[in-house]
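Residue numbers (this note's numbering): 12 to 477.
Where is the CB? At the ideal position from N, CA and C, for every residue including glycine.
Just below is one structure, and these are the notes that go with it.
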Ligand SMILES: [Zn+2]
């Protein structure tokens with residue numbers, strides 16, 4: 012079982028100065044290594060279909076002139092072979108270039124000693140923290156080159172500006188480094204932190220990350236306990252009694268199938284108004300002025316506050332839902348469909364007619380996207396923790412069909428009330444929640460074959476226009 016615990020650090024002035032200096036040095040190192048990787052990449056790549064593979068833009072010798080042919084093992088090898096003897100030992104030589112491929116990470120790790128010679132300030136940094144910077148470069152490239160299990164790749168690794176590189180990592184921080192509200196960070200010293208909750212017994216600290224946020228430094232500990240088995244889905248069987256269906260929306264944050272609902276909290280709206288006011292004030296001040304810098308930090312703190320309020324609200328709602336039921340049915344939102352841009356409407360003479368994109372891009376949409384997808388993630392996490400269950404259901408047609416008779420009752424987005432010829436008359440979102448639950452339980456199905464490709468939104472708009 013893996014957990015992450017976060018603690019607020021209380022460094023002294025001197026420690027704070029060291030940490031800020033380290034952060035800057037780490038960022039410089041990151042950017043340098045990233046640039047080095049790009050240089051090597053652009054020099055050695057060859058288009059497979061038009062050139063022979065062994066041709067490179069720059070002569071190979073020039074690329075490899077800085078790369079040692081071999082690296083020498085400094086310490087005794089600890090890997091043991093089948094006979095129980097170490098496979099490698101001190102002084103062994105390993106080739107850096109294997110079949111024309113270079114282990115860039117190893118080369119860059121080996122090159123750190125040159126960095127320390129050229130820039131003596133790097134000698135002060137704890138060596139494992141510096142090595143972790145190179146691991147980050149490697150990870151950034153790995154995520155860029157190879158897709159994850161969902162087939163998504165991250166973007167091209169970027170050079171990090173001052174505000175985009177905010178943390179450094181101690182990869183071998185352990186329980187022994189932590190004692191009564193102090194953490195022993197090599198090179199920085201004993202740093203005090205607020206131990207608002209103890210590390211659960213039996214858990215081992217695997218690594219620690221020091222992060223700078225708007226209101227100061229934080230320590231994130233990755234904890235692991237291998238004896239606690241990861242709970243598999245206990246496959247609670249959903250029944251009418253133990254489950255609820257929820258519908259999320261713009262009017263109300265969510266509506267349950269029993270009619271209870273939760274409003275979008277006002278404090279988030281208020282905070283966003285305050286944010287807009289600060290942004291306006293900031294834009295009127297001259298660059299580099301003292302007041303502008305103060306506003307920057309005020310804005311950063313407000314962003315942080317909004318994020319925390321929202322997260323807290325999501326947790327409260329998630330626990331409330333699971334106090335009512337064992338299984339929760341949610342919409343399987345296709346966020347890509349929601350964020351998709353409207354089709355352009357050319358009039359045939361080189362002019363584009365209005366396509367309502369401005370309305371679609373409104374604030375409401377982004378609230379919906381950001382708010383609900385992270386809420387669903389939190390809901391699933393809470394379900395996992397409590398041993399309960401979340402089931403995603405295809406929401407197609409749930410807003411347009413009647414839960415009682417399953418007939419289609421077309422309505423536009425602004426119609427908030429659902430009234431059907433069968434006698435059902437209730438709030439639109441409650442109807443969707445009820446229908447979602449029935450669909451999830453397998454007690455109902457909606458004929459979706461001919462219009463399967465369309466989103467409910469476009470159907471409702473067309474019915475309104477037609
Ligand atoms: Zn009906």
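Beta-bridge partners of residue i, as assigned by DSSP
i	result
residue 402	340
residue 83	104
residue 431	In DSSP, residue 431 forms no bridge with anything.
residue 190	193
residue 357	363
residue 413	Answer is none; residue 413 lacks a bridge partner.
residue 384	Paired residues: none, contrary to the question.
residue 204	20
residue 419	412
residue 235	13, 215
residue 323	For residue 323, which the question treats as bridged, DSSP gives no partner whatsoever.
residue 162	DSSP lists no partner for residue 162.
residue 267	257
residue 227	224
residue 180	220
residue 436	430
Exposure label - residue i; buried when at least 16 CB within 10 Å
i	result
residue 30	buried
residue 20	buried
residue 57	Since pLDDT at residue 57 reaches only 47, below the 50 mark, its modelled position is unreliable, and the value read off the structure follows with that caveat. Exposed, by the Cβ-count rule.
residue 319	exposed
residue 22	buried
residue 7	This structure cannot settle anything about residue 7, because the visible part of the chain is limited to 12 through 477.
residue 399	buried
residue 35	exposed
residue 201	exposed
residue 337	buried
residue 15	exposed
residue 18	buried
residue 387	buried
residue 365	exposed
residue 64	Its pLDDT being 49, under 50, residue 64 is placed unreliably in this model, and the value from its coordinates should be taken loosely. Under this definition residue 64 is an exposed residue.
residue 173	exposed
residue 194	buried
residue 411	buried
residue 321	buried
residue 183	exposed
residue 152	buried
residue 98	exposed
residue 444	buried
residue 60	Unreliable positioning characterises residue 60 in this predicted model, as indicated by a pLDDT of 47, which lies under 50. The coordinate reading is nonetheless provided below. Residue 60 should be labelled exposed.
residue 24	exposed
residue 258	buried
residue 439	buried
residue 329	buried
Residue i Cβ short of 7 Å to ligand 1 heavy atom set
i	result
residue 418	yes
residue 267	no
residue 435	yes
residue 292	no
residue 455	no
residue 282	no
residue 413	yes
residue 431	yes
Whole-Å CB distance - residue i paired with residue j, under 8 Å assumed
i	j	result
residue 446	residue 455	7 Å
residue 204	residue 230	6 Å
residue 186	residue 216	5 Å
residue 234	residue 210	7 Å
residue 394	residue 326	12 Å between Cβ atoms; not a contact.
residue 143	residue 179	7 Å
residue 81	residue 176	The Cβ separation is near 33 Å, so there is no contact.
residue 293	residue 303	6 Å
residue 171	residue 155	At roughly 15 Å, the Cβ-Cβ gap does not stay under 8 Å, so residue 171 and residue 155 are not in contact.
Residue j beta carbon less than 8 Å from that of residue i
i	j	result
residue 289	residue 306	yes
residue 125	residue 114	no
residue 148	residue 48	yes
residue 279	residue 273	no
residue 219	residue 137	no
residue 255	residue 269	yes
residue 222	residue 340	no
residue 405	residue 323	no
residue 44	residue 145	yes
residue 451	residue 402	yes
residue 263	residue 275	yes
residue 102	residue 84	yes
Residue i at chain C interface by Cβ criterion, 8 Å
i	result
residue 336	This model lacks chain C altogether, as it is built from one protein chain only.
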